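Residue numbers (this note's numbering), protein chains in the order written: chain A, 2 to 482; chain B, 2 to 482. By construction, the Cβ of each residue, glycine as well, lies at the ideal position given by its N, Cα and C atoms. All values derive from a computational prediction rather than experimental measurement.
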């Protein structure tokens with residue numbers, strides 16, 4: 002494809018996307034596709050001869066769109082949003098157009114240096130400490146990862162390296178190592194424990210407060226002590242700011258004090274909620290981070306107007322991470338690396354290759370400015386609070402509180418049913434709601450009860466969408482009752 | 002940003018990229034930027050108020066471009082190319098525009114199902130066996146990963162699971178496990194061994210043939226036997242089709258026979274060269290794969306006109322991989338997953354979240370067709386052969402043979418220097434060449450000697466670029482001599 006063909010087809014694609022975004026409400030939120038529908042509509046064999054680009058666009062409408070669950074639909078409330086925005090999409094397009102691969106500084110200095118600037122900007126916007134930035138004298142810094150899963154894995158590898166003085170990466174893991182989470186921690190930490198050879202069985206589930214669902218530091222300390230007594234090596238605690246289930250906030254400072262006493266790595270997973278700290282009134286979510294966190298991750302792609310994938314991981318000390326992940330094969334040796342003056346981000350992540358992801362975050366921050374980012378977060382919190390008000394006012398529903406961010410959890414109250422039957426009725430109602438195509442919710446389970454999850458955050462969601470959602474939920478509740 | 006603003010700015014970006022691609026030869030191939038230049042040219046603080054999109058584009062020209070090493074420049078020969086093409090860039094743009102997150106089938110059926118179709122298409126194009134596809138009765142299948150590093154890590158986790166009956170992921174790794182590579186294997190396998198807790202010291206370096214640099218199966222078998230005798234558990238062998246250093250091809254069939262006898266997992270890393278099998282005359286590179294490979298990875302982003310990131314990993318049996326990587330938290334439970342009728346790709350990769358990468362590969366395959374893909378590979382091989390002819394004909398240079406793909410390795414012959422001084426002279430010459438901005442080469446080391454690496458593959462590279470490169474190399478050789 003020549004540059005001129007690219008120019009022509011590129012404009013067709015831009016128009017297609019603009020039309021898609023403008024007309025997104027005409028689609029059912031969750032795809033109505035059945036397993037195998039999309040596959041069956043596509044040719045079993047690749048084309049022998051090239052096809053015009055229009056054929057791809059036609060199949061996009063005919064085959065792909067019916068199989069799409071519309072994450073940018075204003076009534077998409079199921080998961081923390083994949084928070085796309087125009088400037089971020091265009092930043093990503095610029096990244097694809099430049100086509101650079103930033104595995105080391107030398108393979109495109111701008112890819113690395115713009116990233117160091119943008120993660121510093123974000124640290125400043127969120128009020129994170131200077132030792133997480135590349136400021137003069139800092140031993141830490143930030144990096145863009147594909148997801149909070151990878152960030153947790155990198156943090157765990159750094160923690161293992163620090164605990165074992167580099168031995169795990171070199172000689173292999175030996176002895177039993179333990180990791181501490183709560184029942185509300187994201188499954189990514191267990192997955193990281195499986196991947197690193199620690200094993201799922203060595204992930205300890207620390208008790209939570211039954212109301213707030215926040216991790217209990219005293220139980221954490223007791224579990225660590227028991228593991229030490231049993232001969233294990235405790236390695237890392239993951240504290241969560243804004244859990245996936247209900248956006249519970251673990252007490253980072255108290256957990257951090259335990260970590261410091263016991264010599265464990267504190268990873269703070271603020272994947273969804275961390276970006277809320279752009280607003281001064283939400284800055285409390287950083288309590289304890291500056292004093293105690295060894296690593297901290299948040300996802301602009303969840304709630305900061307940046308399309309997936311964009312997780313920022315900061316570390317207070319990059320040495321153990323680089324020690325765990327660095328290998329320098331001959332073909333990557335270069336003067337800049339050997340000078341020690343540059344960052345080679347390949348040593349900050351699992352893979353060697355890396356895209357120029359900083360462009361999309363840079364583009365989003367510049368287009369919206371700090372002001373615009375704050376307005377987006379505030380809008381999500383206010384809309385969620387408004388919806389929660391509907392739930393609270395209706396005695397047929399139970400609201401889960403607190404709900405400090407954009408997520409509202411609640412459940413319908415059924416009469417005359419035992420817990421299992423209640424859960425089944427709630428899940429059946431959820432299924433009917435999602436099948437309707439009018440909105441898309443998800444669920445979680447707390448103390449054995451299924452709760453519905455309604456997550457606000459798509460930039461185009463307005464009050465009318467939440468009011469319509471509430472109407473639909475009440476209708477579904479009343480309908481089969 | 003509204004859809005109409007997106008439409009307007011999107012077209013500006015498309016024009017910017019088209020102009021960039023049309024004028025790319027005006028830039029020095031390797032950035033002339035010094036450490037800190039880009040960072041220093043950017044504001045230390047994020048903007049308080051939003052800025053017009055034109056400001057981003059202006060800074061792209063002013064700040065970013067000087068810090069870019071131009072991977073799409075026709076004289077970029079340093080690394081296996083980041084093989085961008087117009088249709089792939091636009092496929093990626095469509096992915097960003099749709100903004101879906103395909104962690105499970107239900108979060109966008111088309112994201113999963115188009116991927117199953119496209120990886121099947123690619124398997125057919127490359128002549129890979131049916132048990133790597135989703136054909137009826139197959140226990141295997143393919144998945145798009147970000148890079149061959151991740152693919153190797155997933156393969157290793159699956160191998161550990163199979164060797165340990167699921168114990169490593171559950172109870173943690175215990176005992177000593179060993180992995181087998183050659184001195185030419187990509188460092189990603191050692192990195193995977195570090196990450197999984199096997200440890201770098203348990204990666205055995207199998208001897209290679211001193212001329213072809215291909216792994217010696219007899220030495221592999223002897224090393225496995227010695228490890229078993231010493232009480233270790235051998236887990237995986239990585240055979241490479243087209244090594245990074247010199248595109249050596251390991252004897253997959255003979256290595257596979259050893260793996261089968263000894264019960265090891267055979268992972269075939271064909272990251273760069275695997276896609277050459279689109280050409281029937283290159284199909285020999287698949288010898289032994291159908292009979293013996295448990296997993297196979299190749300990167301359309303290296304040489305098949307698809308922009309980074311796009312690695313395809315196929316497995317013959319998906320069960321151990323899914324067993325190693327699957328966790329099902331409550332918020333991801335859904336009817337489709339529980340039906341067992343769908344693929345949930347989150348269990349095929351390290352992270353939970355995933356982009357809709359299939360669109361770019363689909364778009365590239367459809368635009369070029371099998372014919373166009375073959376023409377691209379053949380052009381790369383022919384251009385490399387032509388350049389190798391120049392080297393072979395000049396007695397002042399030594400050509401490394403064979404060079405079956407698009408990479409040519411060679412070295413200048415210096416007179417009156419010992420090996421260290423020769424290497425230093427070659428590296429100094431490389432530095433001067435790259436500093437010139439006229440072309441970009443890299444290097445490797447074979448038997449203690451530095452070789453220059455010239456990798457052909459950028460779609461716009463023509464014979465004149467290689468002739469110019471050869472002229473420049475001879476001038477540099479003659480200049481300081």
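- Message: With the cut-off set at 7 Å, would you say residue 180/B and residue 236/B are in Cβ contact?
- Response: Going by C-beta atoms, residue 180/B is nearer than 7 Å to residue 236/B.
- Message: Rounded to whole angstroms, what is the Cα-Cα separation between residue 438/A and residue 402/A?
- Response: 28 Å
- Query: Among 421/A, 471/A, 330/A and 125/A, which residue has its Cα nearest to the Cα of residue 371/A?
  - Reply: 125/A
- Task: Mind listing the chain B neighbours of residue 122/A? Cutoff is C-beta to C-beta under 8 Å, in chain order.
- Result: The CB of residue 122/A comes closer than 8 Å to the CB of 46 and 47 in chain B, given here in chain order.
- Query: Which residues, in order along the stretch 406-437 of chain B, keep a beta-carbon less than 8 Å from a beta-carbon of chain A?
  - Reply: 432
- Should residue 281/B be flagged as near chain A, meaning a C-beta pair shorter than 7 Å? no
- Whole-angstrom C-beta distance between residue 399/B and residue 456/B, which should lie under 8 Å: The Cβ separation is near 18 Å, so there is no contact.
- Task: Determine contact between the stretch 441-455 of chain B and the stretch 244-251 of chain B, defined as no fewer than three beta-carbon pairs at a distance below 8 Å.
- Result: yes
- Message: Mapping the DSSP letters down to three states, classify residue 369/B as helix, strand or coil.
- Response: helix
- Does the beta carbon of residue 482/A come closer than 7 Å to any beta carbon on chain B? Residue confidence is low: residue 482/A scores 47 on pLDDT, short of 50, so the model does not pin down where it sits. Its coordinate-derived value is still stated next. Not one chain B Cβ lies under 7 Å of residue 482/A.
- Message: Please list the terminal residues of the continuous beta strand (DSSP E) segment that includes residue 410/A.
- Response: 408-413
- Among the residues of its own chain, which have a CB less than 6 Å from the CB of residue 101/A, if the five just before and after it don't count? 109, 112 and 357
- Task: Take residue 161/B as the anchor and find which of 309/A, 173/A and 198/A has the nearest alpha-carbon.
- Result: 198/A
- Message: Could you compute how far the alpha carbon of residue 360/A sits from the alpha carbon of residue 68/B?
- Response: 13 Å
- Message: For residue 466/B, would you say it is in contact with chain A, using Cβ-to-Cβ distances shorter than 7 Å as the test?
- Response: no
- Using a Cβ-Cβ distance under 7 Å, would residue 319/A count as near chain B? Taking Cβ atoms only, chain B never reaches closer than 7 Å to residue 319/A, which makes this a no.
- Contacting positions in the stretch 94-107 of chain A - beta carbon closer than 8 Å to chain B: If the cut-off is 8 Å between Cβ atoms, the stretch 94-107 of chain A has 94, 95, 97, 98, 99, 100, 101, 102, 106 and 107 near chain B.
- Task: Measure the alpha-carbon distance for residue 115/B versus residue 64/A and round it to whole angstroms.
- Result: Approximately 9 Å between the Cα atoms of the pair.
- Taking just the CA atoms, how far does residue 32/A sit from residue 320/B? 28 Å
- Task: Confirm, please, whether the CB-CB distance from residue 459/B to residue 77/B is below 7 Å.
- Result: yes
- Task: Find the nearest neighbour of residue 54/B within the set 29/A, 95/A and 45/A, judged by alpha-carbon distance.
- Result: 95/A
- Message: Strictly below 7 Å CB to CB, what residues from chain B border residue 14/A?
- Response: 91, 94 and 95
- Item | Cα-Cα separation between residue 146/A and residue 332/A, rounded to whole angstroms | 24 Å
- Item | Proximity to residue 104/B [Cα-Cα], best of 337/B, 304/B, 476/B and 414/B | 337/B
- Would you verify that the beta carbon of residue 195/A is, or is not, closer than 7 Å to some beta carbon of chain B? yes
- Determine the DSSP secondary structure at residue 270/A, reduced to helix, strand or coil. strand
- Spell out a yes or no on whether the stretch 7-27 of chain A and the stretch 334-351 of chain B are touching, meaning 3 or more CB-CB pairs, one atom from each, closer than 8 Å. no
- By a C-beta neighbour count over all protein chains shown, 10 Å radius and 16 as the cutoff for buried, is residue 325/B buried or exposed? buried
- Task: Look at the alpha carbon of residue 317/B and the alpha carbon of residue 57/A, and state the distance between them as a whole number of angstroms.
- Result: 30 Å
- Consider the Cβ of residue 299/B: report whether some Cβ of chain A lies at a distance smaller than 7 Å. no
- Which residues, in order along the stretch 206-230 of chain B, keep a beta-carbon less than 7 Å from a beta-carbon of chain A? none
- Query: Tell me, which residues are paired with residue 316/B by DSSP?
  - Reply: 142/B and 296/B
- Task: Pull up the CB-CB distance for residue 270/B and residue 153/B, whole angstroms please, since I reckon it's below 8 Å.
- Result: 6 Å
- Task: List the residues of chain B whose Cβ lies closer than 8 Å to the Cβ of residue 366/A, in chain order.
- Result: Here the neighbours are 47 and 48.
- Item | Reference residue 184/A, options 195/A, 191/A, 171/A and 206/A, closest by Cα | 206/A
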